[in-house]
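Each remark here refers to the structure printed beneath this line.
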Amino acid sequence: MSHQSELQLENKLIKQLIGLNYAAVQIQDGDALVSNLKSQLEVFNQTIFTAKEFDAVLNHLSKGNVFEKAKTLRDRFQLTKEDGTSFYVRFFNTEDTSQNLYQVSNQITLEGSYKNRFDVTLLVNGLPLVQIELKRSGIEIKEAFNQINRYQQHSFWSTHGLFQYVQLFVISNGVNTKYLANNKLQSVKQTFFWADAKNKNITELPEFAAAFLNTDHLGKMIAHYIVINETHKVMMVLRPYQYFATEAIIHQVKNSNDNAYIWHTTGSGKTLTSFKASQILMELEEVHKVVFVVDRKDLDYQTMNEFNAFKKDSVDVTNNTQSLVNQLTDNTKLVLTTIQKLNNAISERFAGKIESLRHQKIVFIFDECHRSQFGDTHDRITKFFEKSQLIGFTGTPIFAENASKNEYGKRTTKDLFGNCLHKYVITDAIKDQNVLRFGIEYIGKYKNKSKTFIDIEVEDIDKQEVLNSEKRINKIVDYIIEHHSQKTFNKDYSALLAVSSINNVIQYYDLFQQKKLAGEHDLRIATIFTYGANEDSDEAQDFLPSEEVDFDVLAEASTPYQSKHTRDKLDSYIVDYNQMYGTSFSTKDSLQFENYFKNISQRLKDREKEHFNDEKDRLDIVIVVNMMLTGFDAKKVNTLYVDKNLKQHGLIQAYSRTNRILGEQKSQGNILSFRNLKKATDDAITLFSNKDAIEVVTLPDYEKIAEKFDEALKLLREITPTYQSVNDLESEQDEAQFVQAFRKLMRAMNVLQSYSDFDWEDLPIDEQEFEDYKSKYLDLYEKVKQDNQKQKTSILDDIDFELELIHRDQINVAYILKLIAKMKGEKSSDAATQRKAIIDLLGGDIQLRSKRELIEKFIDENLPNIKDGDNIDEEFEKYWQEQKVLALGKLCEDEHLDKAQFKSLIDAYIYSGREPIKDEVFQCLDNRPSILQARVIGDRIIAKMKEFVDVFIKGMVA
14 MSHQSELQLE NKLIKQLIGL NYAAVQIQDG DALVSNLKSQ LEVFNQTIFT AKEFDAVLNH
74 LSKGNVFEKA KTLRDRFQLT KEDGTSFYVR FFNTEDTSQN LYQVSNQITL EGSYKNRFDV
134 TLLVNGLPLV QIELKRSGIE IKEAFNQINR YQQHSFWSTH GLFQYVQLFV ISNGVNTKYL
194 ANNKLQSVKQ TFFWADAKNK NITELPEFAA AFLNTDHLGK MIAHYIVINE THKVMMVLRP
254 YQYFATEAII HQVKNSNDNA YIWHTTGSGK TLTSFKASQI LMELEEVHKV VFVVDRKDLD
314 YQTMNEFNAF KKDSVDVTNN TQSLVNQLTD NTKLVLTTIQ KLNNAISERF AGKIESLRHQ
374 KIVFIFDECH RSQFGDTHDR ITKFFEKSQL IGFTGTPIFA ENASKNEYGK RTTKDLFGNC
434 LHKYVITDAI KDQNVLRFGI EYIGKYKNKS KTFIDIEVED IDKQEVLNSE KRINKIVDYI
494 IEHHSQKTFN KDYSALLAVS SINNVIQYYD LFQQKKLAGE HDLRIATIFT YGANEDSDEA
554 QDFLPSEEVD FDVLAEASTP YQSKHTRDKL DSYIVDYNQM YGTSFSTKDS LQFENYFKNI
614 SQRLKDREKE HFNDEKDRLD IVIVVNMMLT GFDAKKVNTL YVDKNLKQHG LIQAYSRTNR
674 ILGEQKSQGN ILSFRNLKKA TDDAITLFSN KDAIEVVTLP DYEKIAEKFD EALKLLREIT
734 PTYQSVNDLE SEQDEAQFVQ AFRKLMRAMN VLQSYSDFDW EDLPIDEQEF EDYKSKYLDL
794 YEKVKQDNQK QKTSILDDID FELELIHRDQ INVAYILKLI AKMKGEKSSD AATQRKAIID
854 LLGGDIQLRS KRELIEKFID ENLPNIKDGD NIDEEFEKYW QEQKVLALGK LCEDEHLDKA
914 QFKSLIDAYI YSGREPIKDE VFQCLDNRPS ILQARVIGDR IIAKMKEFVD VFIKGMVA
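For the sequence shown, the working numbering puts the final residue at 971, and the numbers step up evenly by one.
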């Protein structure tokens, strides 16, 4: 079968869209775009604009960035017409989307830094709101994604920034079609297939267009299912299962008073779904209030932040029961509270104040409804609020098999909430790449550095004294120290260590600290645990705490402690934490202790932020008993060490702390179990999906991944039998084939190296040859970068080199200097070999590559004049500062910049990580450039500044 060309795909799609009620319009350039906008806005607003009036509208539309324009689209603009009257201009009708005017155009050409021609554009009321980029079948869909990113940089800002009104992108190669929000922070991992209500993906372009791009559905998506995130200042779009769940909830509330629940697997974005459902429900006439209920105080705070991120000031935390009563009785439409405060509100003390709500329709949405609905609270709420309707969300429902018994017997999620309205289980999420698989290793025996087998005694499950013995825990601590860097990409990710009791926490923490003081590791370890009356429940068999973490009780427990020892220990651990991070927490009062918990959580969450200071703020491992094993999300946590018995929903919840999606490097959630949880894991996966799901949810054994690596290597050798063959590739097409083949090999290597069993000796390629291929791969990357600076286009432009798979922190400048010092004392023949090894290392690391030329110059010109190898660090520092001054001087001279001002700008960028805006750059110039030249000059100077920082600053810390 022949491949469909882009032109064939485009023509078929346009024909189909015309059949779906789009009007075809020819728009060749920016002027035609503006002219069409004027005529469409006039029809839509049923008015005529004079040239002066339309200029005012255009001026209003051109203000702000993509995020601000998303708000402008949904607002009205008060225009003073030439006759002095006020007129409210609308740009989009969110209430009745059928009133909007839909058009389709293709090959619109805009001129920015480069000339760009866009494939298919959907315009609504004259504004381009959906951009569709097509690639011929057989081309990786990722290339269309990368093309969109280029367009955003190169030309979307031109012509009054009208293309910055794009809300959604669609990328397709005919057989695979995905959609995404206009959000420059996302990766290709945040692109989604559309699906039907049963989670069957709709991948072919014609079927996707029929289901998603028809004007009814597209209007609804833009009006209701794009969320404007205030915290990150980006747009987010709901995935199909979130959309269908929200629609099902709205239908249930409109047409019935029955309770129901949504089963969406952990990590699939339940908070966004429940927020969107709450937001739409509170606008319904028949609904008096929506009450969103969480079961822990820390989640109250977390959910408030997330809800207020989705919509500013949408909820306020109810600090105590009185403030909850106030919100229930005033005109607040959406109330967020904990189940404990809700329980108090319907007690005798407060019930009189909320008596008037008994007969009002109130929708209660319960987050994580598998945890806290199984006591008498459920009955009390339904008895008091006679017209209440309960909607539950859970990632791990309670079935008869995993129900706990209480005085009401064994109650399941179905008993309490009725029917399941929508299901999206872990296998669906893995198939859609919305969560990662688990790479599970059961560590029983392992080799230490001297290749001796060490037995961790995992099988002695019943022998408590063996499990808790110092000897066994010491072996586990040694194992973690030895393998932590491998599991976390040289500490670029964080880990949790789950243990079975507070005594175990103390054993583990003290051992880690002793070994740190002895110089055996430099890991940053923290811990948090509850202490007080419940300390004697050592062995949590599954059970993650279902009650609220009550920080008041934790800080000043009224019951005598098992011993003062645990509290003193925790206080001393918090002192360690304060010393590491310059904080001042303690257990002295509930607020300080609560803030300590929030600080740990936030520190792990913030690692995913672009400008997080890893050197200063990194936290490597948090030791916990139950806290943080449920309801806690941080994308930069990729590893869970387990030394406790887990089962059923507790096991899935705990494992799921590790499997949030984040870029190419994070390929799985690592689970290292020091107990034999194989049967418990298989049973839990079977319970929450099916028996066949075990292979879907968990990664295969090391040997299977090694086979995949062998296949990828075979393909690479077919294209380039040796690394030197890369030089002989004749066309860009051939180079692109090599890049894709080596990238496939790197992806397999990325997974392979995360296994504890990894050994180069098992592979049919040695480390040196792999590094040689990698150097050639990076040479091609450099070539593309240089071509871009010269404004040359290349078919390699849109291929993602996935550089995050390459950088290795342990090879930094300090490491290279040690090698140079070693080389200094060698005989000339050995020194030549070592010089080559150093240059190869520099070429194989993406961060050091930029410094290669300067380090080579130091070796050749400065090293021969250094008599004492001990002075190399000092001499290199001197040399580096001189080169830095020279490079800065040349940059300022070439670009006519004031040196002192520009240096201050660079210092600010290094400190904050915030890229300067062009106006700040222009203030350093002798003369401000003309409007036409400003963007190109600003971009060029900022690119040079970043390159300067890459060479002279990044990776220079020992």
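Note that the Cβ used here is the ideal one computed from N, Cα and C, for glycine as well.
(request) Report the three-state DSSP secondary structure of residue 455 (helix, strand or coil). (result) strand
(message) Going by DSSP in three states, residue 883 sits in which element: helix, strand or coil?
(response) helix
(request) Label residue 98 either buried or exposed according to how many other C-beta atoms from any shown protein chain fall within 10 Å of its C-beta, with 16 as the threshold for buried. (result) exposed
(message) Taking the straight line between their C-alpha atoms, what separation do you get for residue 526 and residue 440?
(response) Approximately 40 Å between the Cα atoms of the pair.
(message) Once the 5 residues before and after residue 892 are set aside, which same chain residues still bring their CB inside 6 Å of it?
(response) 871 and 875
(request) Mind checking which residues open and close the beta strand (DSSP E) that includes residue 69? (result) Note, residue 69: premise wrong, no beta strand (DSSP E); alpha helix (DSSP H) at 64-74.
(message) Is the separation between the beta-carbon of residue 634 and that of residue 449 shorter than 8 Å?
(response) no
(request) With DSSP as the reference, label residue 59 as helix, strand or coil. (result) If DSSP states are grouped into helix, strand and coil, residue 59 belongs with coil.
(message) Considering just the uninterrupted stretch of the alpha helix (DSSP H) at residue 647, what are its terminal residues?
(response) Note, residue 647: premise wrong, no alpha helix (DSSP H); not H, not E.
(request) Indicate, with yes or no, if the ligand ZN has a heavy atom lying under 7 Å from the CB of residue 109. (result) In terms of ligand content, the structure shown is empty, and the ligand ZN therefore cannot be addressed.
(request) Go ahead and label residue 734 buried or exposed: buried means 16 or more other beta carbons lie within 10 angstroms of its beta carbon, across all protein chains shown. (result) exposed
(message) If the criterion is Cβ atoms closer than 8 Å, does the pair residue 617 and residue 649 meet it?
(response) yes
(request) Could you pull out every residue in the same chain whose Cβ sits closer than 6 Å to the Cβ of residue 552, ignoring the five residues on either side in sequence? (result) Low confidence applies to residue 552: its pLDDT is 35, below 50, so where it sits in the model is not reliable, and the reading given next is rough at best. The answer, listed in chain order, is 513.
(message) For residue 111, tell me which candidate among 621, 137 and 748 has the shortest Cα-Cα distance.
(response) By alpha-carbon distance to residue 111, the top candidate from 621, 137 and 748 is 137.
(request) Apply the 10 Å Cβ neighbour rule to residue 740 and answer buried if 16 or more other Cβ atoms are within range, or exposed otherwise. (result) exposed
(message) Quick check on this structure: which residue in 119, 409, 364 and 912 has the alpha carbon closest to the alpha carbon of residue 19?
(response) When only C-alpha atoms are compared, the closest one is 119.
(message) Quick check: what's the CA-CA separation for residue 73 versus residue 935?
(response) 25 Å
(message) Tell me whether the stretch 229-248 and the stretch 173-184 touch, counting them as touching only if at least three CB pairs, one residue from each stretch, are closer than 8 Å.
(response) yes
(message) Does residue 187 pass the burial test, meaning 16 or more other C-beta atoms within 10 Å, or should it be called exposed?
(response) buried
(message) Does the contact criterion of 3 or more C-beta pairs under 8 Å hold for the stretch 242-257 versus the stretch 390-410?
(response) no
(request) Within the stretch 472-534, note down every full alpha helix (DSSP H) run reaching 4 residues or more, in order along the chain. (result) Taking only runs of at least 4 residues, the alpha helix (DSSP H) segments lying wholly in the stretch 472-534 are 477-480, 483-500 and 515-530.
(message) With H, G and I counted as helix, E and B as strand and the rest as coil, what does DSSP make of residue 302?
(response) strand
(message) Below 8 Å on the Cβ atoms is my contact criterion, and I expect residue 730 with residue 631 to pass it. Report the Cβ-Cβ distance as a whole number of Å.
(response) Not a contact, Cβ separation roughly 39 Å.
(request) Return the CA-CA distance between residue 770 and residue 715, expressed in angstroms with no decimal places. (result) 7 Å
(message) Is the separation between the beta-carbon of residue 238 and that of residue 191 shorter than 8 Å?
(response) In this structure, residue 191 does not lie closer than 8 Å to residue 238 by Cβ.
(request) Measure the C-alpha to C-alpha separation of residue 624 and residue 928 and round it to an integer number of angstroms. (result) 10 Å
(message) With H, G and I counted as helix, E and B as strand and the rest as coil, what does DSSP make of residue 210?
(response) coil
(request) Tell whether a beta-carbon distance below 8 Å holds between residue 33 and residue 216. (result) no
(request) Any chance you could list the beta strand (DSSP E) runs of at least 3 consecutive residues sitting entirely within the stretch 105-138, in chain order? (result) 115-124 and 128-137
(message) On the DSSP letters alone, give me the boundaries of the alpha helix (DSSP H) that residue 756 sits inside.
(response) Counting along the chain, the alpha helix (DSSP H) containing residue 756 begins and ends at 745-765.
(message) Please return the same chain residues whose Cβ sits closer than 7 Å to the Cβ of residue 390, not counting the five positions on each side in sequence.
(response) 352 and 356
(request) Would you list the residues sitting across from residue 1045 in a DSSP beta bridge? (result) Residue numbering for the chain in the displayed model covers 14 to 971; residue 1045 lies beyond these limits and cannot be assessed.
(message) Less than 8 Å between the C-beta atoms of residue 307 and residue 295, yes or no?
(response) no
(request) Return the CA-CA distance between residue 783 and residue 757, expressed in angstroms with no decimal places. (result) 13 Å
(message) Just to confirm my understanding: we take residue 954, look at its own chain, exclude 5 residues before and 5 after, and list those with CB closer than 6 Å. What are they?
(response) 908 and 934
(request) Take residue 653 as the anchor and find which of 446, 878 and 453 has the nearest alpha-carbon. (result) 453
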